[in-house]
Amino acid sequence: RSTVTKPGLSVSSFTFDGNEKTVTFSTGGTNNEAYAVNGSLSETNVGTYTITATLNEGYKWTDGSTDPVELTWTISGTTVTVPGLEVNEFTYDGTAHAVSITENAAYALDSASDIEKTDAGNYKAKVKLANGYGWATEGSTQDTEDKDLAWVIAQATLTADSFTISPMSTTVGSEPTVSFKNDMTMG
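Be aware that the sequence shown starts at 100, since it is given in my numbering, and climbs by one per residue.
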């Protein structure tokens, strides 16, 4: 068997700038008769990519092995912190309530998510990253998944100094009227 040097990458880390990045080999190359190269050689977006070099019949690596060689390369984006909602708790009052964040070039709220509601309940607004950015999370700078931001419209609490119920007795099937000192009526 003929021996061949395992391929390596000249550069394995790039920074996102919106332009396509193409890896080049420091040894071997993509047009080598001893092995075939498969995988992502050119990419534009933030991420981690893999290239595999598989030996052709009749060849071995200089260390005597014949297993395919995997080469990993990355395009890193600018990392940003997941934002918080400017207000995340409202009280039901019959009107629509909307959440917001301080938006910038890195991220924005997804208008298709729960960003405006009227009824009491628990909701999630989704924040999406722009291309070229990643969330600054512990252990990973490549996290680009959408993030849910929780918010709530709490049930209203009705209070009154005094109230009357009339009539004091009612027939089955009829509804009493509750009157409050401030002239609010519940039926």
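Using N, Cα and C, we set each Cβ at its ideal position, and we do this for glycine too.
Bounding residues of the beta strand (DSSP E) (the contiguous stretch that carries residue i)
i: lysine 227; result: 220 to 228
i: valine 136; result: 134 to 138
i: threonine 236; result: 232 to 236
i: glycine 163; result: That residue, glycine 163, is in no beta strand (DSSP E); it is neither H nor E in DSSP.
i: threonine 151; result: 146 to 154
i: leucine 257; result: That residue, leucine 257, is in no beta strand (DSSP E); it is neither H nor E in DSSP.
i: alanine 207; result: 206 to 208
i: threonine 178; result: 177 to 179
i: phenylalanine 124; result: 124 to 126
Residue i vs residue j beta-carbon contact at 8 Å
i: glycine 138; j: threonine 126; result: no
i: leucine 228; j: alanine 205; result: yes
i: valine 251; j: asparagine 203; result: no
i: threonine 177; j: serine 112; result: no
i: threonine 143; j: glutamate 119; result: yes
i: aspartate 247; j: lysine 223; result: yes
i: threonine 151; j: threonine 104; result: no
i: alanine 255; j: threonine 190; result: yes
i: tyrosine 158; j: alanine 135; result: no
i: alanine 249; j: threonine 180; result: no
Beta-carbon proximity list for residue i, same chain, < 7 Å, skipping 5 on both sides
i: serine 109; result: Thr123, Phe124, Ser125
i: alanine 197; result: Ile214, Glu215
Simplified DSSP assignment, three categories, for residue i
i: glutamate 188; result: strand
i: glycine 286; result: Legend: pLDDT at glycine 286 = 42, less than 50; position of this residue unreliable, no value from coordinates given.
i: alanine 197; result: strand
i: phenylalanine 113; result: strand
i: glutamate 202; result: coil
i: isoleucine 214; result: coil
i: glutamate 142; result: strand
i: lysine 246; result: strand
i: threonine 104; result: coil
Same chain, Cβ closer than 8 Å to residue i, five either side skipped, listed in chain order
i: serine 175; result: Ser112, Phe113, Thr114, Phe115, Val145, Gly233, Thr240, Gln241
i: aspartate 282; result: Per-residue confidence for aspartate 282 stands at a pLDDT of 47, beneath the threshold of 50, marking its modelled position as unreliable; no derived number is given.
i: alanine 253; result: Glu188, Phe189, Thr190, Tyr191, Ala219
i: leucine 140; result: Thr121, Val122, Thr129, Ile150
Other residues of its chain near residue i: CB distance less than 6 Å, five sequence neighbours each side excluded
i: serine 199; result: Glu185
i: leucine 154; result: Tyr134, Thr165
i: valine 168; result: Lys105, Ala152
Proximity test, residue i beta-carbon vs the ligand COA heavy atom, cut-off 7 Å
i: threonine 256; result: This structure does not include the ligand COA; it has no bound ligands of any sort.
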